[in-house]
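Number 82 in full-length UniProt numbering belongs to position 82 of the sequence shown; there are no gaps in the numbering.
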Amino acid sequence: MLKLKTLRICEHGHRYYKSSDCPTCPTCAQEAKATAGFMTALSAPAQRALTGAGIETLQQLAEKSEADILALHGIGPASLPGLRQALATAGLTFAAKATVTTKKVHR
């Protein structure tokens, strides 16, 4: 079954068409994409998940466990090797103990 695309306008006035229920504006997503730092190696959903959780630096990332990060909607196991490497390069590691539940958090 083919869903029709509907015209949407984001809070910044960008006009775009989507056939899914995803509220993400493609223009805003492109503008928000990281251009420097450890987040450049991550997918857009993973970047949004970390930013939405208030994680924008490696120091903030190091305060979380791998379980905490995997609990975020948009982060999957494929993101962990790159994050581990970025932390190791900075002389940091993930926290040993989880600070949140391991249930996926949907935003």
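No residue lacks a Cβ here, since even glycine has one placed at the ideal position from N, Cα and C.
These figures come from a predicted structure and were not determined experimentally.
Practice problem: Give every residue of the same chain whose Cβ lies closer than 8 Å to the Cβ of CYS70, excluding the five residues on either side of it in the sequence, and list them in chain order. | Solution: Residue identity differs from the one stated: residue 70 is Leu in this sequence, not Cys. In chain order, GLY76, PRO77, LEU80, THR102 place their CB closer than 8 Å to the CB of LEU70, counting only its own chain and leaving out the 5 sequence neighbours on each side.
Exercise. Reducing DSSP to helix, strand and coil, say where LEU72 ends up.
Key: Look at LEU72 here: in three-state DSSP terms it is strand.
Quiz item: Unbroken alpha helix (DSSP H) runs of length 4 or more, entirely within the UniProt domain "RNA polymerase alpha subunit C-terminal" (42–88): which are they?
Solution: Secondary structure in the UniProt domain "RNA polymerase alpha subunit C-terminal" (42–88): the alpha helix (DSSP H) runs of 4 residues or longer, each lying completely within the stretch, are 44–52, 58–62, 66–70 in chain order.
Practice problem: Measure from the alpha carbon of GLU11 to the alpha carbon of each residue in LEU83, GLU63, THR40, PRO26, then state which is nearest. | Solution: Relative to GLU11, the option among LEU83, GLU63, THR40, PRO26 whose CA is nearest is PRO26.
Exercise. Grab the span of the beta strand (DSSP E) containing THR6 for me, first residue to last.
Key: For THR6, the enclosing beta strand (DSSP E) stretches over residues 6–9.
Quiz item: Which same chain residues, not among the five before or five after residue 131, have their C-beta less than 7 Å away from its C-beta?
Solution: Because the chain here runs from 1 to 107, residue 131 falls outside it and cannot be looked at.
Self-check item: ALA49 versus ARG8 - alpha carbon distance
Solution: When rounded, the distance between both Cα atoms is 23 Å.
Quiz item: Apart from the five residues on each side of it in sequence, which residues of its chain come closer than 7 Å, Cβ to Cβ, to ALA29?
Solution: Result list for ALA29: ALA44, in chain order.
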